[in-house]
Amino acid sequence: MEHPYTPEMNARLEQSFKEADQAREELTESMANSVAANCDLLHHGLVSAKGLEATTEMYRNLLGTLLRHSSGEVRSQVLMAFNQSMEKFWPRKNGTGTSSGPASADHQ
1 MEHPYTPEMN
11 ARLEQSFKEA
21 DQAREELTES
31 MANSVAANCD
41 LLHHGLVSAK
51 GLEATTEMYR
61 NLLGTLLRHS
71 SGEVRSQVLM
81 AFNQSMEKFW
91 PRKNGTGTSS
101 GPASADHQ
């Protein structure tokens, strides 16, 4: 025998779904921050253990693998993240032919 949902039950269900969505967002943000911190530690550990050249080659291989991933969504997200990183560390040159940012000081 089915029990009809009352307005109160519907309101409680909606509230539960909202709380579950909020908890999921908070968990996702927390996981993203944790992953970022672990990536920093991993990078420094790899460079210390294997050197910059081997670590760079590993990153090249990883990026190539991700850009060839069978999922178009994965490829799109990787390309977007890569382009954002490029703009951060090697910004496009402005109209005068000079660039600003961290990389410009290295090449003077």
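Residue numbers (full-length UniProt numbering): 1 to 108. For each residue, glycine too, the CB sits at the ideal point set by N, CA and C.
*DSSP state of T6, grouped into three classes?*
coil
*Roughly how many angstroms lie between the CA atoms of E29 and D21, to the nearest whole one?*
12 Å
*Which whole-angstrom value is the C-beta distance of residue 148 and R60, which I expect to be below 8 Å?*
No statement about residue 148 is possible, as the shown extent of the chain runs from 1 to 108 and does not include it.
*asked:* What would DSSP say about H44, mapped onto helix, strand or coil?
replied: helix
*asked:* Quick check: L66 and A54, are their CB atoms within less than 9 Å of each other?
replied: no
*Under the three-state reduction of DSSP, which class applies to N94: helix, strand or coil?*
coil
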